[in-house]
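Asks: First to last, the protein sequences are chains A, B and C. When we follow our numbering, the leftmost residue of the first sequence carries the number -3, and every step to the right adds one. When we follow our numbering, the leftmost residue of the second sequence carries the number 2, and every step to the right adds one. When we follow our numbering, the leftmost residue of the third sequence carries the number 61, and every step to the right adds one. Even for Gly, the Cβ is constructed at its ideal location relative to N, Cα and C. Remember, predicted model here, so these are calculated numbers, not experimental data.
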Amino acid sequence: MSSQTPTVASTESRHVGKEEILAARSVTMRFGGLVAVDNVDFTVHSGEIVGLIGPNGAGKTTFFNCLTGLYKPTSGEVRFSGQVLPPKPRSVVVAGMARTFQNIRLFPNMTALENVMVGRYCRTSAMALTSILRGPKYRREEEATRARAVELLDYVGMKGQGGHLARNLPYGDQRRLEIARALATDPKLLLLDEPTAGMNPQETRQAEELIFKIRDSGLAIVVIEHDMRFIFNLCDRVLCLVRGKTLIEGTAAEVQSDPRVIEAYIGSPDSDDEASGSDVATEGEAGNA
Amino acid sequence: MNVPTIVTPELQKRFHVPGRIAALAGGLLLAASAYLPWAYDGDALDNMAFLGGPSTLQFLGALLGLLLAVSAGMAWVEPWADRKGILPRLLMVSRRAGWTRGTKALGVGLLGFIAVVLIAIALELGGLVTIEYGGWVALAGALLGFVGSRLLTPGRAPSLEKVKTPAWLEIVSIAVLLLVALLLAAYALNQNDGGTFLSILAFIGALVAFILRVGAGGWLSAAGQRHRNVLVFSSFAVAFLFPFTQNGSDANMSIATQVLIFAATAVGLNIVVGLAGLLDLGYIAFLGAGAFTAATMSQSAFATIGWKPPFIVVMLIAGLVSATLGLIIGSPTLRVSGDYLAIVTLAFGEIFRISMSNLDGSDGPDLVHGSSGIPAIPNLNLFGFDFGKVHTVLGIPLGRFSNYFFLMLLIMALIVLVFTRLNHSRIGRGWVAIREDEKAAEAMGVNVFGLKLLAFAGGAFLAGLAGAVKAHVDQSVTPDQYIFLESAFLLAAVVLGGMGTVMGVLLGAALLKLVPEKLRFVNEYRMLIFGLLMVLMMRFRPEGMIPNQRRVLEFHSDDEELVEEIEEDLPYEFAEEH
Amino acid sequence: MTYYLDQLLNGLSLGSLYALIAVGYTVVYGIVQLINFAHGEIFMIGAFGALSTWIVLSWVTGGSTAWWNLPLMLVGGMIVAVLTAVLMERFAYRPLRNAPRLAPLITAIGISIFLQEFVRLFYGQIPGFPDAKAAIPFPQLEFFTGPAIDVGGLQVHRGNFFVMAALLICWIFLWWFVNRTATGRAMQAVSQDPDTSRLMGIDVDRIIVVAFAVGASLAAVAGLASGLRYGNIDFKMGFLAGLKAFTAAVLGGIGNINGAVVGGLTLGVVEAMATTLIPGQFGGPAWKDVWAFVLLILILVFRPQGLLGAKVVDRA
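(1) Could you check which residue in B:ALA464, B:LEU507, B:ASP475 and B:GLY218 has the C-alpha nearest to that of SER488 (chain B)?
(2) From the DSSP output, read off the bridge partner residues of ASP387 (chain B).
(3) Note down the Cα distance separating GLY501 (chain B) from ASN271 (chain B), rounded to an integer number of angstroms.
(4) In the DSSP assignment, the alpha helix (DSSP H) including ASP47 (chain B) goes from what residue to what residue?
(5) Please confirm whether PHE287 (chain B) has its beta-carbon closer than 8 Å to some beta-carbon of chain C.
(6) Leaving out five residues before and five after ILE268 (chain C) in sequence, what residues of the same chain have Cβ atoms less than 7 Å from its Cβ?
(7) Under a three-way DSSP split, which group does THR64 (chain A) fall into?
(8) Quick one, which of C:PHE362, C:ALA145 and C:ALA308 has its alpha-carbon nearest ALA273 (chain C)'s?
(9) Mapping DSSP to helix, strand and coil, what is CYS236 (chain A)?
(10) Sort B:LEU368, B:LEU145, B:LEU512 and B:HIS473 by Cα distance to ALA295 (chain B) and report the nearest one.
(11) Could you pull out every residue in the same chain whose Cβ sits closer than 6 Å to the Cβ of ARG75 (chain A), ignoring the five residues on either side in sequence?
(12) Given a cut-off of 8 Å on the beta-carbon distance, is the pair LEU581 (chain B) and LEU534 (chain B) in contact?
(13) Taking CB distances under 8 Å as the criterion, tell me whether GLY344 (chain C) reaches chain B.
(14) Which value, in whole angstroms, describes the spacing of the CA atoms of LEU259 (chain C) and ALA98 (chain B)?
(15) Of all Cβ atoms in chain B, is any one closer than 8 Å to the Cβ of PRO51 (chain A)?
(16) Does the beta-carbon of SER299 (chain B) have 16 or more other beta-carbons within 10 angstroms, so that it is buried, or is it exposed?
(17) Quick one: residues in its chain with C-beta nearer than 7 Å to the C-beta of ALA282 (chain A), no 5 flanking neighbours on either side, listed in chain order?
(18) Measuring alpha carbon to alpha carbon, tell me which residue in A:GLN198, A:ALA178 and A:ALA193 is nearest LEU187 (chain A).
(19) Under 7 Å Cβ to Cβ from GLY339 (chain B), same chain only, skipping five residues before and after it: list those, please.
(20) Looking only at its own chain, which residues have a Cβ that is under 7 Å from the Cβ of SER264 (chain A), when we skip the five neighbours before and after it?
(21) With 8 Å as the threshold, decide whether the Cβ of GLY275 (chain C) is near any Cβ in chain B.
(22) Could you tell me whether the Cβ of PRO339 (chain C) comes closer than 8 Å to any Cβ of chain B?
(23) Closer than 7 Å, Cβ to any Cβ of chain B: which residues of the segment 107 to 124 of chain A, in chain order?
(24) What separation, rounded to the nearest whole angstrom, lies between the Cα atoms of LEU183 (chain B) and ALA176 (chain B)?
(25) What first and last residue would you give for the beta strand (DSSP E) that runs through PRO398 (chain B)?
(26) Any beta carbon from chain C within less than 8 Å of ASP364 (chain B)'s own beta carbon?
(27) Touching or not, the segment 383 to 402 of chain B and the segment 444 to 460 of chain B, by the rule of three or more beta carbon pairs under 8 Å?
(28) Taking the Cβ atom as the reference point for each residue, do PHE198 (chain C) and PHE222 (chain C) lie within a distance shorter than 8 Å?
(29) Find the residues of chain C that neighbour PRO333 (chain B), judging by a C-beta separation of less than 9 Å, and give them in chain order.
(30) Around the Cβ of ASN230 (chain B), are there at least 16 other Cβ atoms within 10 angstroms (buried) or fewer (exposed)?
(31) Evaluate the contact criterion for the segment 329 to 347 of chain C versus the segment 328 to 348 of chain B: three or more CB pairs, one atom per stretch, below 8 Å.
(32) Would THR86 (chain C) count as contacting chain B if we go by Cβ distances under 8 Å?
(33) With distance defined between alpha-carbon atoms, name the residue in C:LEU117, C:VAL142 and C:THR121 nearest to MET133 (chain C).
(34) For a contact defined as C-beta to C-beta under 8 Å, what are the partners of VAL536 (chain B) on chain C?
(35) Nearest chain A C-beta to ASN230 (chain B) closer than 8 Å, yes or no?
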């Protein structure tokens, strides 16, 4: 069993991983006449956190969906660990890429623990006959699944919450549960779609710590986020999309200081919201920094 | 039960003492009336014309009356017993029971029971004049009890399940309860008189309502969960004993066997509908495929396939043929879901039926003789055991249908095993995930298509097994046994009983098959009633009589209070945290 | 050649019948995304309503089969069908609008069985009405039935003419209703976005009722036409016809009114042709329903949006 228990942060891990995990080459996605993603190149190396930013409607989530097999790109290719993946969400997960959703998509009437156990589905093998006969191997696997799920709940800071129905969890916990469920698939690359949307400053800080913890355990992470403070705190590299095209790609510092990025946001109709959103975050961060 | 609120809480506050007295007196009056003649003539129901000698039904009525009196009186007994300090443990238990709630439920149930009995007497003998004074006394008692119980405030909620009981007591209770159920079922089945049968159903209904409202239901289900194996094992033991209560009468065993075949198929359908959440409107085709396969390979002179393997092999082939059909029917699930899938299955079911009718030699190859089907299928002979003969065990003759009953019981056990084990496994979790959010499940690596196919093929395989036996029980197989209405009927059993539970479907299937058998006038109206029942169930209780708690959550997603309540005490079907 | 033209015409008239019923599935689906599985029974009820009207009339007229019976029968059938459909919507479907998808579908099957049985058991109990447990002969009105008409060497059954003409008129009427009346435009709005429509002051509940009523009226027309074409009606007629009409609606693209018409005609022709063009034992009329259902499954699997495109493709 390829259970990779997230280990305690090692200071080296940030610099070790230079192996290319994900490589998207000139990905284009068209819906009828609309070009949602236009010729975007994108690479992720192991052990790094890459941010994906851009004003609303820039095609971030569409690009995400192309990466995770929900959409088949109109042209271009996505390689994961050197392999071209079939555009099926399941094969993508099996290959080692897991995601969360912008609007939380937990299984509402399952408990938190069961949600995480579903994440183990693709790493376990008991089929119909084994499940009916219940031999020792089946029991061992089921026990391991449960133990791993409990462990993961603990890891994301939800110790003892496993018995609650997902629908009844507070918002922040639902986001964390989604991450735990994604981690249960033993990914090499984790894609987070707005992991702090709707969170208060304290929850945002916790999420940030969690993401660092995950990165330090050796996973590569791609984050879509609107909260600029969050992105620039977190990411090694940032890709900014505007109207489906790459505006700029570089280190957090480079992107942060690029006037075109600011222009893209100011120019967008909902720039006020974005600005105030990051202001709140800034206040929250102040005490921490 | 929502009785209109004529009796307001204010009224209850003012009159609860007279109410309690009335309920108590009504119960006692009813119990006493059992010793008076209820009917003018002994022909009605089970001879209620005697003075001083209660018939069984009268006795059952008296039992309910006493129960009403006791549960109404408990409120006074409790403090009294406290003062004297006797039986403190029993008192602790009594304090946790919802006696007043039980009284209110029983008040309604009792009135219903008496009403059914009296109406049946009047119908069978011709007019209200045929009801003797004892009957009117009983009605007065029931009315008094009803009005009295309405005047009571509901009182505390029961919490009997929190009582600590020794394991042996729980096990014994389960066993006793099942035995009582067996005897009641045997007694009810032996009634050839529709009125008596209906009265017994009313009695059972009143009793069950009382038990549930008092809180014993909670205790029982908790006990059942603690001793699941005992419960399952003794259920099958009791079912196994059933033929021995029939004294060799084949009439009831024939019904029982048909019920069992129907129930087994319905549980199979419940894997598809209840667990995987796929609506299959052509499920009867799988039963048919199994039956036709077994028939064409049987020893019948009309069988069209020359190869005659032993029945075990035939059964497996029948299952595999059905499973293959299941795979074919399930394959569109890759691209089709929801309502469209239901229509696809319906179309497949029709294709199966029409094709079978056409395979008659003139419109197609002569495989099943078209609409006349394959008759004269001989009885099974397994390992030297002739299913057609009467075997005597412990002096009790067990006829042809009893033999098939035992065989079907084995198949039922297999189906229940498959159902429950799959439900509580990795696969069951996958099915729930698909039901909850198919896209998210796929994105989390759940093999959605594979699991849906598995549900279709697995369910079909089990139906195929049942079909193979059915061919021999019925002795002939014709296409018109496998029409859409039968699929709808199976679905009604699942919906009525409860999607995703075994007990619910067993109950649903038993009711749906038994009631029309026993009540002639219902038989004519059965499809009308069941159509209406499906509509009403979806409207008022979509989760069924014995629901799966997760299904309750799914159907009542906007009822926050209910959700909290279920979460507080998550039942067995959820994976609990150790 | 004449034979094939004959079959073509036969197919077109059969298809017109399917199309008239299919409109009911499509209109309701377009507005509430509900497959009203019981719609086939509305067709059956429409036919019985028309028959009942004639029976009541015959008490006065002494069983006249003059042509002027037709409009009265049509109105009678429509009233009964619309009433049934509206009651059905109000009491069975409306309470389930936010329920899981399984619930309305099971309800629909329940209604379907209930209506069939209701007619079978109780129709004959009304004094003066025939027993509905077996097929009932439908009055053969003069002018609309009778000897076939000779069109350039083709013998055309008058019932066939009536169905095709009825479809044409209904189609034109529908086009006018949907595009030229305020209610019709409100229907279009609701079908695109019910929530916004509600905010714009459209009474969505009323629009849904209208959709059910429009579908039921056309089904009643089809019921009457079916009676004239086949010469008898029975309580089971709605099941198969409903399923076929649903096939037609999907074939054309469910939610799309023109699609229902095109789909109905296509299905009718395919069915008629399948019995003649498929060789061997599997080509006979005994297999035509099988081929229709095979077509249904193939469309659902490979082109669920239908020939003309459906409003909603994702049916998850």
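Replies: Judging by the given coordinates:
(1) B:ALA464
(2) B:ASN382
(3) 6 Å
(4) No alpha helix (DSSP H) holds ASP47 (chain B); DSSP gives it neither H nor E.
(5) no
(6) ILE91, VAL92 and GLU149
(7) coil
(8) C:ALA145
(9) strand
(10) B:HIS473
(11) ALA19
(12) Nothing about residue 581 (chain B) can be read from this structure; chain B reaches only from 2 to 579.
(13) yes
(14) 51 Å
(15) no
(16) buried
(17) The predicted position of ALA282 (chain A) is uncertain, since its pLDDT is 35 and thus under 50; no value can be drawn from it.
(18) A:ALA178
(19) none
(20) Because SER264 (chain A) carries a pLDDT of 49, less than 50, the predicted location of this residue cannot be relied on, and no value is offered for it.
(21) no
(22) no
(23) THR107, LEU109, GLU110, MET113, VAL114, GLY115, TYR117, CYS118, THR120, ALA122 and ALA124
(24) 10 Å
(25) 397 to 399
(26) yes
(27) no
(28) no
(29) ILE357, LEU360 and VAL361
(30) exposed
(31) no
(32) no
(33) C:LEU117
(34) ALA152, THR167, GLY170, ILE171 and PHE174
(35) no
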